[in-house]
Amino acid sequence: MKQVFFGFVVLGLMVVAVPSLAADIPAYNWSGFYVGINGGYGWGKTNWDYIGGTTKADHHVSGGMAGGTAGANLQLLSYQGKMPAVVGGIEIDFDWADFDGSGPCPNPRFRAESSIDALATLRGRLGLAFGRLLIYGTGGLAVGKVDVDTVDTEGAAIPPSGTPKNGEDKWRAGYVVGAGAEYALWKNFSLKVEYQYYDLGKSRHKVDNDLPVYAGARGEFIRGGINYKF
1 MKQVFFGFVV LGLMVVAVPS LAADIPAYNW SGFYVGINGG YGWGKTNWDY IGGTTKADHH
61 VSGGMAGGTA GANLQLLSYQ GKMPAVVGGI EIDFDWADFD GSGPCPNPRF RAESSIDALA
121 TLRGRLGLAF GRLLIYGTGG LAVGKVDVDT VDTEGAAIPP SGTPKNGEDK WRAGYVVGAG
181 AEYALWKNFS LKVEYQYYDL GKSRHKVDND LPVYAGARGE FIRGGINYKF
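Residue numbering for the sequence shown follows the numbering used here, starting at 1 and increasing by one per position.
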């Protein structure tokens, strides 16, 4: 959670500093529908507990992400001098992700692996616009595809799959919160950068020899994107 706190501190300082920096920014209207593309990098942790025991196989995951975005903004006030406009909106996105990692199992013959292969969010956005610069907070629903497996490092055929690798992937729902900044380069195009923290909760998976585990997936990502406003 230290990274979450640090991220919000940095963005809070941006909000304090922006009014003095944005005094000469020309007026801009953020209202309208938009689509875009995004990409970034995420990191997190899989909390892995064997059901019916006290053993664990926690490990970290990390990797890249890329996808598309669609949304709509409504600007409630116009920008006047150092007085910012209020902008609210809703945004949906879907990203192909490659957040993966591994760690030792309680049985050293096996390795625990997990990954997030896809991540989608449906969020509200609320922020302050200083002409072409928008600083916002965001939060809402997160849905991800989480894959949990064990691998026999000796390569033996292990039930139930009859291969060295056993596990399940499941779609999970949770929440996401974050903040970001977006700048309108021209009338229709804008660039953004944002930080988000996600938590997809815990779900039950079966691994080697039908052993049940609870795996929780949570983490953070930073991404940039470009939007086109209609």
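Quick reminder that beta carbons are idealized off the backbone N, C-alpha and C, glycines included.
D147 is bridged by DSSP to S115, D169. Annotation: the stretch 56 to 103 contains no complete segment of the alpha helix (DSSP H) (minimum length 4 residues). By the Cβ-count criterion, Y28 is buried, with 16 or more other Cβ atoms from all chains shown falling within 10 Å of its own Cβ. For N29, the three-state secondary structure derived from DSSP is coil.
Between L119 and G144, the CB-CB gap stays under 8 Å. Contact between A142 and L200 is confirmed by a C-beta separation of about 6 Å, below the 8 Å threshold. Scanning its chain for C-beta atoms nearer than 7 Å, with the 5 sequence neighbours on each side dropped, one finds around G103 the residues A57, D58, H59, A112, in chain order. Under DSSP, K187 forms no beta bridge with any residue.
In terms of CA proximity to N227, E182 leads the group C105, A215, L76, E182. Here T121 is bridged, per DSSP, to D93, A142. Residue pairing for E194: DSSP places it in a beta bridge opposite G180, R223. Proximity of the stretch 207 to 224 to the stretch 45 to 57 meets the contact definition, three or more beta-carbon pairs being nearer than 8 Å.
Three or more Cβ pairs closer than 8 Å define a contact, and the stretch 81 to 94 meets that threshold against the stretch 122 to 135. Scanning its chain for C-beta atoms nearer than 6 Å, with the 5 sequence neighbours on each side dropped, one finds around L122 the residues I92, G140, L141, in chain order.
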